[in-house]
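Working notes, structure below.
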Amino acid sequence: MSVLSTADEGKFLMDEEAEQIGIVTEVDADAQVAYVEPDPDLAEAVLQGLGFGDADGDDIEVPAESVETVTDSELRVAKDL
1 MSVLSTADEG
11 KFLMDEEAEQ
21 IGIVTEVDAD
31 AQVAYVEPDP
41 DLAEAVLQGL
51 GFGDADGDDI
61 EVPAESVETV
71 TDSELRVAKD
81 L
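Just so we're aligned, residue 1 is where the sequence shown starts under full-length UniProt numbering, counting upward by one.
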């Protein structure tokens, strides 16, 4: 299990085969949940990368126990969500 923080907002969520699932829009550090936009358009991706995005209704909830690794640019899960 990884520890999630607001510093993870704007990172890409990747599966075990290095396929992009989406982009992290928001992190609830207390609940240890990342909210991921599964199909961001270019404008959303830029806003998320700059840290100005928010979670919305179509975001996927990814609990910290599903995240295998965290790097400077991505969160990686062991299996598809």
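Quick reminder that beta carbons are idealized off the backbone N, C-alpha and C, glycines included.
Unbroken beta strand (DSSP E) run spanning A28, endpoints: Residue mapping note: residue 28 aligns to position 28 of the sequence shown, counting from 1. Note on residue identity: the sequence assigns Asp, not Ala, to residue 28. Per DSSP, D28 belongs to the beta strand (DSSP E) from Q20 to D28.
Among V77, E68 and V62, which residue has its Cα nearest to the Cα of A29? The residue given as residue 29 occupies position 29 in the sequence shown. For A29, the nearest C-alpha among the options comes from V62.
Hey, out of A34, G10 and I23, whose CA is closest to V67's CA? Taking the sequence shown and counting its residues from 1, the one referred to as residue 67 is at position 67. Per the Cα distances, A34.
Should S77 be labelled buried (16 or more other beta-carbon atoms within 10 Å of its own) or exposed? Translated into the one-based positions of the sequence shown, residue 77 becomes position 77. Position check: residue 77 holds Val in this sequence, whereas Ser was assumed. Taking all protein chains in view, the Cβ of V77 is crowded by 16 or more other Cβ atoms within 10 Å, so the residue is classified as buried.
Using the Cα positions of D72 and D58, report the straight-line distance between them to the nearest angstrom. Walking along the sequence shown from the start, residue 72 turns up at place 72. Walking along the sequence shown from the start, residue 58 turns up at place 58. Taking the straight line from one Cα to the other gives about 25 Å.
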